[in-house]
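Novice: Protein chains in written order, with the working numbering: chain L, 3 to 455; chain S, 46 to 331.
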Amino acid sequence: MSAARALYGEFVRTFGNVLFAVSLFVVWGFLTLVGVIVDQGQEPAAYFQNYAAPIARAILRLNFDDVYHSPWYVGIIGLILLSLAVCTFKRVIPARLPALRPVNVAKIPLHDAFETAGEAEQVRRRLTRILTARGWQVRERIFGGVEWSFGDKHNWARRGVLVAHAGFVIIAAGTTLYWARGFSGEFALPAGQTTQVRQTHALIRLDKFAYRIDPIMTKSGMVYQPIDYVSKVTVTGRDGVPKRYTVRVNHPIDVDGTLYYQASYGFGMRFLVTRRGRRDAALSSRTFLEGDTLQLPGTQRSILYERFAPTVDKQSGMPTADPRVNDPAVVLAASEGGTPLGEALVPLGAAVDLGDGWRLTPRRYVLYSGFQYRYDPGAPLVGIGAFVLLAGLVISFYFLPARLFVRVDEVSPRRSRVGAAATTVKGYDVFASEFDRLAATLRREFGAEPDIG
Amino acid sequence: MRLPPDELLIAIALGAYVLGAVALMFYFFARAEVLRKIGIPLAILGCAAQFAQLAVRFELTHVWPLLNLYGSLSLFSAMSVAIYIGFAFRYRLWFAGGFVLALAAIFLAYGVTWYEGTMPPVPSLQSYWAKIHVPIVVSSYAAFLVAFVFSCIYLLKFYLERRLHGVAPDPATSPVERWLNALPSLAQLDVIVYRAIAIGLPLISIGIITGAMWAKEAWGAYWQWDPKETAALFSWIVYLAYMHLHTRHAWRGLRTSWVSVVGFISIIFCYLGVNIWISGLHSYKV
Ligand code: HEM
């Protein structure tokens with residue numbers, strides 16, 4: 003039993019220690035940085051291409067290819083939350099609202115003392131008035147026959163740290179809610195086609211997609227600047243009524259609580275595929291998106307529609323940087339049983355011979371629009387948490403809780419000695435100049451000599 | 046050849062910063078009042094010229110001038126000087142102006158190298174959030190620059206004092222010692238660093254929050270673990286560590302100053318390193 007208690011004590015001491023929290027921050031920072039430096043979410047082959055094999059293996063084994071969802075990352079956030087809870091309840095709350103107690107004024111670095119004319123009681127009352135007028139909340143207590151005045155400034159702000167810590171916990175709760183109940187996904191939809199979103203069962207039809215790209219002359223040459231992407235869609239949500247919407251970048255639509263965003267666009271392709279002059283109906287009526295593969299029936303041969311080249315330079319026959327459709331072509335890659343055979347740039351309307359009597363002609367392109375969608379029931383909580391955290395930071399930084407300890411002792415029937423000291427939650431240096439000003443004011447008000455200290 | 050007004054203003058700002066930096070740098074070492082009196086107006090002139098330049102550029106092009114590296118670096122140096130001027134007037138810290146102005150001049154000159162002419166913003170940047178988020182984030186970087194400069198001065202003073210106390214036979218008569226004594230005390234320098242970070246940390250927090258709100262609108266999720274977001278989170282964690290260490294008496298001063306230096310390096314990495322070397326949703330180089 004006592005061993006368990008000792009262990010618990012050790013746990014509280016360790017997790018409640020701010021330096022332990024800082025070590026957790028160091029690990030958190032390190033893991034965060036890993037994700038900045040190592041490209042996230044790539045195929046394993048990409049890491050072997052970019053790094054030496056031992057490093058690539060380490061990246062994959064340690065989950066550094068998806069570090070933010072790795073057990074390390076979730077674990078460190080969990081430890082931070084645990085440490086934060088222990089620290090808040092065991093250290094911060096007990097220490098942050100200290101009881102009113104007498105102190106040895108001369109032992110506190112911020113202190114001052116002077117003598118002044120007047121009875122102790124009278125001086126005390128005047129002191130209270132002066133301090134109250136300067137925003138100090140004054141309370142009086144008697145300890146061992148000595149009457150003390152305690153002044154507090156921004157006492158309420160002692161809770162700033164609790165507010166900040168609570169903000170972080172609320173953000174963590176909001177993110178957890180998304181993990182537990184939210185979802186997200188993406189889909190690409192060629193114009194004229196309809197898709198059903200797996201999780202929400204909403205039907206989305208892309209009526210039209212348009213984009214605008216302007217050529218702009220800069221100091222280092224021509225740049226093609228995207229200006230606008232616009233998808234006109236018809237969406238049938240839970241109520242079964244089709245509704246028309248326009249989706250643009252920065253202007254998502256909300257359908258039954260799920261948000262749909264304009265994310266990307268591309269060129270779908272319709273091919274005419276023939277065998278010995280006869281049209282293959284299935285392959286010829288499909289729209290292929292960039293990255294799709296076309297498998298020739300009865301052969302091991304497949305054709306990858308790699309990408310669309312909107313403008314091909316007539317002289318060089320090579321694709322140019324102009325993303326507007328002028329003289330388009332497609333980049334196709336053929337392979338046989340998984341073995342690459344080669345790549346070709348094929349202009350629209352030109353036929354390529356694929357062997358065994360197969361021929362393929364890129365016939366026309368269809369614009370497709372890429373959408374992302376997300377249902378995030380935790381987002382409002384994360385938003386609230388962020389503002390609470392921010393409020394905590396502002397309170398902690400801009401409202402310094404300071405406590406003044408003042409005692410007035412009678413030196414003789416008509417003379418008193420005032421001793422004052424101040425502490426703050428952030429040490430003495432941040433308050434040094436303000437204390438000096440306050441001490442100077444008190445001395446002036448009481449007509450005290452400047453030399454007694 | 047006549048320069049367009051915005052380029053003229055940038056030239057004035059750069060010139061003022063360079064001259065001001067030289068004057069205040071000498072003031073840092075020599076403490077001749079005349080140098081301070083030359084440096085202050087130059088700092089103010091450069092800063093005013095920069096803000097005027099941003100306004101003129103907006104007026105001429107009708108494009109929000111902060112959405113490329115040229116514009117944001119320009120605001121970064123202007124805000125660094127503006128925050129520093131505020132500090133210098135409030136706490137009488139002109140001795141550090143040479144360093145701030147020199148850094149401002151370097152960042153501004155570097156920004157000019159990215160000047161490509163006027164470009165309309167890409168669709169994801171066509172948002173009112175851009176107008177809120179960018180200035181806030183850049184201002185937080187500027188506050189961290191000021192904190193960085195005072196941290197360096199803290200460290201310089203700390204290590205010089207430590208060396209002198211071991212070596213100098215009569216510290217009071219050594220010129221270096223006298224020069225060191227003219228600087229604020231280590232405790233005061235630490236408070237200045239703390240006050241600058243007290244501006245920067247809430248600002249970068251607001252910056253991250255407004256960025257998240259914007260991301261929600263533009264890309265669908267308030268947080269995408271994009272390199273820029275995560276680099277900003279990294280800097281935020283460094284300054285969070287600073288703040289927590291600062292609550293401990295034994296760690297206040299020397300160690301927290303080092304953390305502030307690391308924090309600013311992380312800011313530069315987040316600001317320039319990520320924009321230039323690491324591609325992602327946030328890489329708006331032009
Ligand atoms: C990651 C989220 C955290 C945030 C946003 C946060 C924020 C804050 C803020 C704003 C303060 C006030 C600083 C000041 O008054 O100068 C503070 C203080 C403090 N925090 Fe945290 N904190 C976090 C995590 C933690 C953790 C995990 C611990 C665990 C030990 C911790 C322990 C403390 C302590 C001991 C103080 C000082 C309280 C005092 O001065 O009496 N914090 N924190």
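Every residue gets a Cβ at the ideal spot worked out from N, C-alpha and C, and that includes glycine.
None of these values were measured; they are calculated from a predicted model.
(1) With a CB to CB cut of under 7 angstroms and the five nearest residues on each side skipped, what residues in its chain are close to residue 137(L)?
(2) Would you mind stating whether residue 338(L) and residue 303(L) have Cβ atoms separated by less than 8 angstroms?
(3) So, is the C-beta of residue 211(L) closer than 8 angstroms to a C-beta in chain S?
(4) Check the Cβ-Cβ distances between residue 48(L) and every residue of chain S, and say whether any is below 8 angstroms.
(5) Quick one: Cα of residue 433(L) to Cα of residue 62(S), how far?
(6) Just the chain L side, please: which residues come within less than 7 angstroms of residue 338(S) by C-beta, in chain order?
(7) Using the C-alpha atoms, what's the distance from residue 237(L) back to residue 340(L)?
(8) Can you list the alpha helix (DSSP H) stretches of 4 or more residues lying completely in the region 203-259 of chain S, in chain order?
(9) If the cut is a Cβ gap below 9 angstroms, which residues of chain S does residue 247(L) touch?
(10) At 8 angstroms on the CB atoms, spell out the chain S contacts of residue 30(L), in chain order.
(11) Going by C-alpha to C-alpha distance, which of 189(L), 346(L), 350(L) sits closest to residue 327(L)?
(12) Look at residue 24(L) and residue 289(S) and say whether their C-beta atoms are less than 8 angstroms apart.
(13) Using a C-beta cutoff of 8 angstroms, does residue 275(S) count as contacting chain L?
(14) Cβ closer than 8 angstroms: which chain S residues qualify as neighbours of residue 251(L)?
(15) Counting only beta-carbon separations shorter than 8 angstroms, does residue 162(S) have a partner in chain A?
(16) What's the gap between the Cα of residue 105(L) and the Cα of residue 413(L)?
(17) Jot down the residue ranges of each uninterrupted alpha helix (DSSP H) in the region 82-127 of chain L, minimum 4 residues, whole runs only, in chain order.
(18) By Cβ distance, which residues of its chain are closer than 6 angstroms to residue 335(L), with the 5 residues on each side in sequence left out?
(19) Would you call the CB atoms of residue 204(L) and residue 239(L) closer than 8 angstroms?
(20) Determine the direct distance from the alpha carbon of residue 153(S) to that of residue 124(S), and round the result to whole angstroms.
(21) Counting only the same chain and skipping the five closest in sequence on each side, list residues whose C-beta sits under 6 angstroms from that of residue 200(S).
(22) Relative to the C-alpha of residue 96(S), which residue among 262(S), 57(S), 113(S), 309(S) is closest?
(23) Could you check whether the Cβ of residue 210(S) sits closer than 8 angstroms to any Cβ belonging to chain L?
(24) On a Cα-Cα basis, can you pick out the residue from 247(S), 228(S), 161(S), 322(S) that is closest to residue 281(S)?
(25) Looking at the C-beta of residue 70(L), does it have a partner C-beta in chain S at a distance below 8 angstroms?
(26) As an exercise, report each continuous beta strand (DSSP E) stretch of at least 3 residues that is fully enclosed by the region 150-178 of chain L, in chain order.
(27) Within 8 angstroms, do at least three Cβ pairs link the region 273-286 of chain L to the region 218-227 of chain L?
(28) Determine, using beta carbons only, whether residue 294(S) comes closer than 8 angstroms to chain L.
(29) Looking only at its own chain, which residues have a Cβ that is under 6 angstroms from the Cβ of residue 376(L), when we skip the five neighbours before and after it?
(30) Assuming residue 69(S) and residue 80(S) are in contact, meaning their beta carbons sit under 8 angstroms apart, how far apart are those beta carbons, in whole angstroms?
(31) Alpha carbon to alpha carbon, how far is residue 429(L) from residue 86(L)? Give it in angstroms, no decimals.
(32) Could you please give me the residues that DSSP links to residue 256(L) through a beta bridge?
(33) Which word fits residue 134(L), buried or exposed, when buried means at least 16 other C-beta atoms lie within 10 angstroms of its C-beta?
(34) If we ignore side chains and look at the alpha-carbon of each, how far apart do residue 109(S) and residue 103(S) end up?
(35) Whole alpha helix (DSSP H) runs in the region 411-455 of chain L with 4 or more residues, listed along the chain?
(36) Taking 6 angstroms as the limit between beta carbons, can you name the residues of its chain near residue 162(L), skipping five residues before and five after?
Specialist: For this structure:
(1) 155
(2) Residue 303(L) sits close to residue 338(L), with the two beta carbons spaced by under 8 angstroms.
(3) no
(4) no
(5) 33 angstroms
(6) In the structure displayed, chain S extends from 46 to 331; residue 338(S) sits before or after that span and is not available.
(7) 40 angstroms
(8) 220-227
(9) Here the premise fails: no neighbours, minimum Cβ distance about 15 angstroms.
(10) 282
(11) 350(L)
(12) A contact, by the Cβ cut-off of 8 angstroms.
(13) yes
(14) 168, 169, 171, 263
(15) Among the chains of the structure shown, chain A does not appear; the protein chains present are L and S.
(16) 19 angstroms
(17) 95-98
(18) 306, 308, 345
(19) yes
(20) 11 angstroms
(21) Its chain contains 302 as the residues whose beta carbon lies nearer than 6 angstroms to that of residue 200(S), once the 5 sequence neighbours on both sides are disregarded; these appear in chain order.
(22) 57(S)
(23) No Cβ of chain L is located within less than 8 angstroms of the beta carbon of residue 210(S).
(24) 247(S)
(25) yes
(26) As far as the region 150-178 of chain L is concerned, it has no whole beta strand (DSSP E) run of at least 3 residues.
(27) Judged by Cβ distances under 8 angstroms, the region 218-227 of chain L makes no contact with the region 273-286 of chain L, as fewer than three pairs qualify.
(28) yes
(29) 186, 261
(30) That belief holds up - the Cβ atoms of residue 69(S) and residue 80(S) are roughly 7 angstroms apart, short of 8 angstroms.
(31) 22 angstroms
(32) 261(L)
(33) exposed
(34) 6 angstroms
(35) 434-447
(36) 394, 397, 398
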